[in-house]
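Quick note: this note's numbering has the sequence shown finishing at residue 231, numbered continuously throughout. In this text, a Cβ means the ideal position worked out from N, Cα and C, and glycines have one as well. Everything on this sheet refers to the single structure shown next.
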Amino acid sequence: MKATIAVLTAGLALMLSGCGSSTTQSADPTTTRSVTAPATTVTKATQPADQSEQPGTQPGQSVPTTDAPVVVPGPATTITERPASTTPVAAPNGSGHGLCFDVNSGLANQAMNRLAATASGPWQVYGGSGDAIADGCDGVLSYLVATSGNIHPYTHILFFTNGTYLGTATSQPYGYTSVTGKTRNVVSVDYRWLKSNEPLCCPEGGPSTVTFTLSGTTVQANGQFPPN
Numbered sequence: 004m005k006a007t008i009a010v011l012t013a014g015l016a017l018m019l020s021g022c023g024s025s026t027t028q029s030a031d032p033t034t035t036r037s038v039t040a041p042a043t044t045v046t047k048a049t050q051p052a053d054q055s056e057q058p059g060t061q062p063g064q065s066v067p068t069t070d071a072p073v074v075v076p077g078p079a080t081t082i083t084e085r086p087a088s089t090t091p092v093a094a095p096n097g098s099g100h101g102l103c104f105d106v107n108s109g110l111a112n113q114a115m116n117r118l119a120a121t122a123s124g125p126w127q128v129y130g131g132s133g134d135a136i137a138d139g140c141d142g143v144l145s146y147l148v149a150t151s152g153n154i155h156p157y158t159h160i161l162f163f164t165n166g167t168y169l170g171t172a173t174s175q176p177y178g179y180t181s182v183t184g185k186t187r188n189v190v191s192v193d194y195r196w197l198k199s200n201e202p203l204c205c206p207e208g209g210p211s212t213v214t215f216t217l218s219g220t221t222v223q224a225n226g227q228f229p230p231n
């Protein structure tokens, strides 16, 4: 019995000795790294999906986009402008300074010399119409305002058309007379007059507006004239 136990003990010792003398190798250590791929931002241009990426760009590079319309210039067109043909406007007798009737013309002077003299003094040119030659002078009624005296003067309105003197608006001159309107062939004149013993500065008669219309080579009056 003791011999059996000794044998078992010796065998066990040998087994333990063999286990202690064996070499145990372990596997190589493994290193695990967490790698995050770089983010790629691609801005797509507004274009059809089947077009390839623009040349010259690198991966991850933003591509500028635009929604602006592309303007394609058309073929050049040469336009040759010709000056409009203009017919020179004939200036009538008595015209000057670009006007159909010039109050400083010989025609005006001749008409003034035909006015009867007054006790107030000689006749003087006070003003006149301003119809431009560039607008045409055919059918235009022009006028000249002549006055005699300095304070509340007598006044004559002389009419002209196409280089011709037509005469005065009234057979005799009146005081307190003024031209208040003008169209191509119509002249409007306001008349005032003394009624009784009011001051000379403030006539109570009127105003009465008389229109003078050119008809051919005559002038037709329409309105009330001052009493004689």
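- Going by C-alpha positions, residue 96 is about 39 Å away from residue 206.
- Between residue 131 and residue 148 a beta carbon distance of about 7 Å is seen, short of the 8 Å cut, so the two are scored as contacting.
- With a cutoff of 8 Å on beta-carbon distance, residue 118 and residue 188 are scored as not near each other.
- Between residue 139 and the set 155, 102, 150, the nearest pair of CA atoms involves 102.
- Following the DSSP letters along the chain, one finds residue 184 inside the beta strand (DSSP E) bounded by residues 180-185.
- When only Cα atoms are considered, residue 201 and residue 208 end up about 10 Å apart.
- Within its own chain, the residues whose Cβ lies closer than 7 Å to the Cβ of residue 195, once the five positions on either side in sequence are excluded, are 179, 206, 208, 209, 210, listed in chain order.
- For residue 110, the three-state secondary structure derived from DSSP is helix.
- Ranked by Cα distance from residue 150, the options 110, 230, 171 are led by 171.
- In the DSSP annotation of this structure, the continuous segment of the beta strand (DSSP E) that includes residue 162 starts and ends at 157-164.
- Of the residues 146, 182, 177, the one whose Cα lies closest to the Cα of residue 110 is 146.
- With respect to residue 152, residue 184 sits apart: the two C-beta atoms are not nearer than 8 Å.
- When DSSP states are grouped into helix, strand and coil, residue 116 belongs to the helix group.
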